[in-house]
Structures are given as C-alpha cells and as structure tokens.
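Below is one structure, written out as structure tokens; the observations come after it.
Protein chains: 2
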Amino acid sequence: MSNTTLMIKSATDSWFQQISRTDKLIDSLTDEQLESEIAPGKNRGVYLLGHLTTVHDRMLPLLNFGNQLYPQLENIFLTHPDKAIIDIPLTSDLRKYWNTVNEALASHINALQPEEWLHKHSAVSEEDFKKEPHRNRLNVLLNRTNHVAYHLGQIVFLKK
Amino acid sequence: MSNTTLMIKSATDSWFQQISRTDKLIDSLTDEQLESEIAPGKNRGVYLLGHLTTVHDRMLPLLNFGNQLYPQLENIFLTHPDKAIIDIPLTSDLRKYWNTVNEALASHINALQPEEWLHKHSAVSEEDFKKEPHRNRLNVLLNRTNHVAYHLGQIVFLKK
Numbered sequence: 246m247s248n249t250t251l252m253i254k255s256a257t258d259s260w261f262q263q264i265s266r267t268d269k270l271i272d273s274l275t276d277e278q279l280e281s282e283i284a285p286g287k288n289r290g291v292y293l294l295g296h297l298t299t300v301h302d303r304m305l306p307l308l309n310f311g312n313q314l315y316p317q318l319e320n321i322f323l324t325h326p327d328k329a330i331i332d333i334p335l336t337s338d339l340r341k342y343w344n345t346v347n348e349a350l351a352s353h354i355n356a357l358q359p360e361e362w363l364h365k366h367s368a369v370s371e372e373d374f375k376k377e378p379h380r381n382r383l384n385v386l387l388n389r390t391n392h393v394a395y396h397l398g399q400i401v402f403l404k405k
Numbered sequence: 246m247s248n249t250t251l252m253i254k255s256a257t258d259s260w261f262q263q264i265s266r267t268d269k270l271i272d273s274l275t276d277e278q279l280e281s282e283i284a285p286g287k288n289r290g291v292y293l294l295g296h297l298t299t300v301h302d303r304m305l306p307l308l309n310f311g312n313q314l315y316p317q318l319e320n321i322f323l324t325h326p327d328k329a330i331i332d333i334p335l336t337s338d339l340r341k342y343w344n345t346v347n348e349a350l351a352s353h354i355n356a357l358q359p360e361e362w363l364h365k366h367s368a369v370s371e372e373d374f375k376k377e378p379h380r381n382r383l384n385v386l387l388n389r390t391n392h393v394a395y396h397l398g399q400i401v402f403l404k405k
C-alpha cells in the first residue's frame, strides 16, 4: 500500500468511525429523547441531528460529489439557531435524511482515488488553490470529522 | 510540496486547531466555572480537563516521543470516573499540566518527518504491524483529534 493510500485510509476510516458512532447513538434514542434539550436551555437533539445532516449534505457540492439533497434544511438548521423556526421536519423524516446523506457521501468517498483527495474543494478558486494547496478535499473531510465528534459529545447527554 | 507532506500538514493542522480552540475555551473559564458540572449530574469541567491532559500525556510514549510527564493523573482522570477520587490536583495546577503536555507534544509533532507518521505506534507489535500498517502514529493523532473535539463540545456548556 502506498503512503498516500495508507494516509487516506486513516482519514476515511476516522470519518466512518464517527458516523458509525453517531448512527448507533441516534438509533438508540427515542424520538421523544431526540426532541429534548441536551442540557437545560441548550439545543435539542433534533436540532443537532438536522444541523449535522445539512452540514454533511453541503459536503456533496463542496467535495464536487454532486448537488445537495435537502437544501431546505439549511435555513432551519444552519442559518437559524434552535427554536427560531417552529415548523421543522418530523423526527422520523430527519432520521431518514441523515442516513440518505451519509450513504450518498459514503458512495463517493469509497469511489475516490487517494490522490483525488488532494484536489481542490469547490469553495476555493483555481488561483487561490495554487498558493494554498491545503484547501483540498482532505482538509474538508478532517474538519467535518471533528465537527461530528464535537456534536456527538453533546448528543450523548440524551442517553439515560 | 509532496503528497505525503501535504496530507500530514492537514492532519497536524487539524490537531493544532482543536488544541487552540480548547485552550481558548479553558482560558476563558474561571476556576469556579471549570469546577462546575457541564450539565446536571454530568462530569465537571475540571475532570474533563484532567482527562484530556492524561490522554494527551499518554500520547508521548504511544507515539514514541518519550515518557509520560504526569503518570499520577491517570488513576484520577482515566481509570476512575469523576468524583470517585476526592483528592484531585488544584485547578490552577491542572491548567499548567494541560499546557505543558501539549507543548511537549507540539515540539515532537513539529520535529517529525512526514513519513515518520506512518511508523508504528508503541502499542502494536512489529509482527502485527506488518499485517496492519494502519496502526501507525497518524492513526493515533486522528483518533485523539476527534477525542478532544468530542469533549470540547461538552466543556463549551460551561460558557455563560
């Protein structure tokens, strides 16, 4: 296995491990638990689930994998804080969106050649990328892996 | 910049970013805030600070960087849960240990050649490493980066 292949495998394994932990946690929680605040006055579990779903959905265009699947989630779960928008999707639907988005990402992640992780992401211009070659897909993946770990550490409070 | 150098830079940048965020958060909290529970009935901030410190301290031998600096923290902050051991270090001392451990790690991380991240970590035998080359230093670094992000997501609750 080449160095590049080995390094990318570590990074993608780390991503899939966090997704799998988050899946297990969310599956173990009832809708009622998810709809509660993670701590008094803090975000509800369902908000964090929607937030992670829309952040992962946005990775599809950012990594040049394709279009967002659920652009309507962005306004509710990213632009606005929890409880700012009353009319949010059913918890059962959010669970489906979460799985669908991560499955779409997984199929692209698994199909990418190791070197392609060093290609630029879509939010940087060709010109800037020449000067800042670290603004690549791998960087997005590592950043979003930390992001899901951060919120996983919060959603876990809903577990009795 | 070679592919290997670029990939390792992404991974170490990601580590230093999480450390820097955690530093800023901890520095912004008073001792009294750190000594409170992050949520009712959950770990105290000071326990999580000690826990992160001892986990990072253990990275020194794990990454073949040298000996642990504060082995006495392990029993309090890793083997036992919060409040199991009454006599814990002063919060002001824990802040110092946290900084000292991360500075020791940083000097080794910055001195390592990119390829050396693919060397085995100390908890895997030469024999197993031949079959499982992903059990390398990079893997430890990515794993511990997620670990600090996970607890950062919890400590942030102490912020008013």
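Protein chains in written order, with my numbering: chain U, 246 to 405; chain L, 246 to 405. The beta carbon of each residue, even a glycine, is placed where N, CA and C say it ideally should be. Since this is a predicted model, take the numbers as computed values, not measurements.
In the assembly as shown, L:Leu293 is a buried residue. Its beta-carbon has 16 or more other beta-carbons within 10 Å. Shown here for L:Thr390: same chain residues with a beta carbon closer than 8 Å to its own, the five before and five after excluded, namely Ala256, Ser259, Trp260, Gln263 in chain order. U:Ala349 is the residue among U:Ile331, U:Asp327, U:Ala349 whose C-alpha sits nearest the C-alpha of U:Asn312. Residue environment analysis places L:Asn288 among the buried positions, since at least 16 neighbouring C-beta atoms fall within 10 angstroms of its C-beta.
Residues of the stretch 384-400 of chain L with a C-beta atom less than 8 Å from some C-beta of chain U are Asn384, Leu387, Asn388, Thr390, Asn391, His392, Ala394, Tyr395, His396, Leu397, Gly398, Gln399, listed in chain order. With a cut-off of 8 Å on Cβ pairs, the stretch 296-306 of chain U is in contact with the stretch 343-358 of chain U, counting three or more such pairs. Contact of L:Ala284 with chain U by beta-carbon distance below 7 Å involves Ala284, Phe402. Residues of chain U with a Cβ closer than 8 Å to the Cβ of L:Lys254 are, in chain order, His379. When 9 Å is used as the limit between beta carbons, L:Met246 is near these residues of chain U: Pro378, His379, in chain order. Distance from L:Leu274 to L:Leu403 at the Cβ level is roughly 6 Å; contact confirmed, criterion being Cβ atoms closer than 8 Å. For L:Thr249, the residues of chain U that pass the 8 Å Cβ criterion are Asn248, Thr249, Met252, in the order they occur in the chain.
Using a C-beta cut-off of 8 Å, the stretch 364-379 of chain U makes no contact with the stretch 315-332 of chain U, since fewer than three inter-stretch Cβ pairs fall below that distance. Residue burial is scored here from C-beta neighbours: U:Asp276 has fewer than 16 other C-beta atoms within 10 angstroms and is therefore classed as exposed. In this structure, U:Leu270 lies near U:Val401, with their beta-carbon atoms less than 8 Å apart. Residues of the same chain with a CB within less than 7 Å of the CB of U:Leu339, apart from the 5 flanking positions on each side, are Val291, Leu294, Gly295, Thr298 in chain order. With its beta carbon at least 8 Å from every one in chain U, L:Glu361 lies outside the interface. Going by C-alpha positions, U:Pro326 is about 35 Å away from U:Glu361. Looking only at L:Ala351, L:Asn384, L:Leu279, the smallest Cα-Cα distance to L:Leu335 is reached by L:Leu279.
Look at the stretch 335-361 of chain L: the residues with a C-beta under 9 Å from a C-beta of chain U are Pro359, Glu360. A straight line joining the alpha-carbon of L:Thr249 with that of U:Ala284 spans about 42 Å. For L:Glu282, the beta-bridge partners assigned by DSSP are L:Arg289. Between the beta-carbon of L:Ile253 and that of L:Pro359 there is about 4 Å, and that keeps the pair under the 8 Å contact cut. Between U:Leu305 and U:Arg382, the C-beta spacing is not below 8 Å. Taken in chain order, the members of the stretch 269-300 of chain L whose beta-carbon sits within less than 8 Å of a beta-carbon on chain U are Ile283, Ala284, Pro285, Lys287. Distance from the CA of L:Lys341 to the CA of U:Ser352, rounded to the nearest whole angstrom, comes to 45 Å.
With a cutoff of 8 Å on beta-carbon distance, L:Tyr395 and U:Leu397 are scored as near each other. Rounded to the nearest angstrom, the gap between the Cα atoms of U:Ser247 and L:Ile354 is 22 Å. Spanning the alpha carbons of U:Gln399 and U:Arg266 requires a straight line of approximately 13 Å. Residues of chain L with a Cβ closer than 9 Å to the Cβ of U:Ser259 are, in chain order, Asn384, Leu387, Asn388, Thr390, Asn391. One alpha carbon belongs to U:Ala356, the other to L:Ser370, and they sit about 32 Å apart.
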